[in-house]
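Under the working numbering, read the sequence shown as residues 1 to 154, first letter to last.
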Amino acid sequence: MTEVKHLDRQHDFVVMVHENAPAAGRGRINELLDQYNVSQTGISDNEPLDLTVTDPLSGEVVGGLVGRTSLGVFFINYFYLPDTLRGKGYGSQILHQAERLAALRGCRTALLFTMEIQAPAFYEKNGYEVFGRVECNPRGNARLFMRKPIQPLD
Numbered sequence: 001m002t003e004v005k006h007l008d009r010q011h012d013f014v015v016m017v018h019e020n021a022p023a024a025g026r027g028r029i030n031e032l033l034d035q036y037n038v039s040q041t042g043i044s045d046n047e048p049l050d051l052t053v054t055d056p057l058s059g060e061v062v063g064g065l066v067g068r069t070s071l072g073v074f075f076i077n078y079f080y081l082p083d084t085l086r087g088k089g090y091g092s093q094i095l096h097q098a099e100r101l102a103a104l105r106g107c108r109t110a111l112l113f114t115m116e117i118q119a120p121a122f123y124e125k126n127g128y129e130v131f132g133r134v135e136c137n138p139r140g141n142a143r144l145f146m147r148k149p150i151q152p153l154d
């Protein structure tokens, strides 16, 4: 679907609505936002922080943590481990390693959201606290916004 929006007398801009935006478009938007943030803060600081868990036999990635650090905050975007690795300490080990790397980058806070049907107890066990709750589907479920202070090591 395409929409045209008139923004000024000189140009018409085309606003494209995507169900799944192309990676190049997403990358460009992220780049532009980074440039804007640098212009406002004078600090260039938006770095990925990813840890992967790989099956040693197949070389296949079976889980891991995907996040980023930016302006003193460690954002955890995704964290997944298969059932076979849960409850054995791998999750806490990965989480603590990621927090340590974020602390080395000067981060003071770790931030994530999870759902009630996912792993809030795991995060609470690892020092995270809920600071926001938003109802979502399926009915009776909620997204939980969680944070944890971390000590910068820079």
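Quick reminder that beta carbons are idealized off the backbone N, C-alpha and C, glycines included. This one's a predicted model, so the numbers in the text were calculated from it and none came from an experiment.
- Report the residue from N141, P120, N137 and L153 whose alpha carbon sits nearest the alpha carbon of R147. Translated into the one-based positions of the sequence shown, residue 147 becomes position 147. It is P120 whose Cα lies nearest to the Cα of R147.
- Drop a sphere of 10 angstroms on the beta-carbon of I76, count the other beta-carbons inside from all chains shown, and report buried for 16 or more, exposed for fewer. As a working note, residue 76 is residue 76 in the sequence shown. Sixteen is the threshold: when 16 or more other Cβ atoms of the shown chains lie within 10 Å of the Cβ of I76, as they do, the residue is buried.
- Task: From the DSSP output, in three-state form, read off I76 for me.
- Result: As a working mapping, residue 76 is identified with position 76 in the sequence shown. I76 falls in the strand class under three-state DSSP.
- Looking at the structure shown, is R133 part of a helix, part of a strand, or coil, going by DSSP? Locating residue 133 in the sequence shown gives position 133, counting from the first residue. Note: R133 maps to strand in three-state DSSP.
- Message: For N37 and L57, I'd like the C-alpha separation in whole angstroms.
- Response: As a first step, residue 37 is located in the sequence shown; it is residue number 37 there, counting from the start. As a first step, residue 57 is located in the sequence shown; it is residue number 57 there, counting from the start. Within the model, the alpha-carbon separation for N37 versus L57 is close to 43 Å.
- Query: By Cβ distance below 6 Å, which residues in the same chain neighbour M65 in space, the five residues on each side in sequence not counted?
  - Reply: On the sequence shown, position 65 is the one that residue 65 refers to. In the sequence under discussion, the amino acid at residue 65 is Leu, which differs from the Met named in the question. Closer than 6 Å at Cβ, skipping near neighbours: L51, F79, I94 and A98.
- Message: Looking at the secondary structure, which residues open and close the beta strand (DSSP E) in which R105 lies?
- Response: Position 105 of the sequence shown, counting from 1, holds the residue named residue 105. Run containing R105: none; DSSP gives neither H nor E here.
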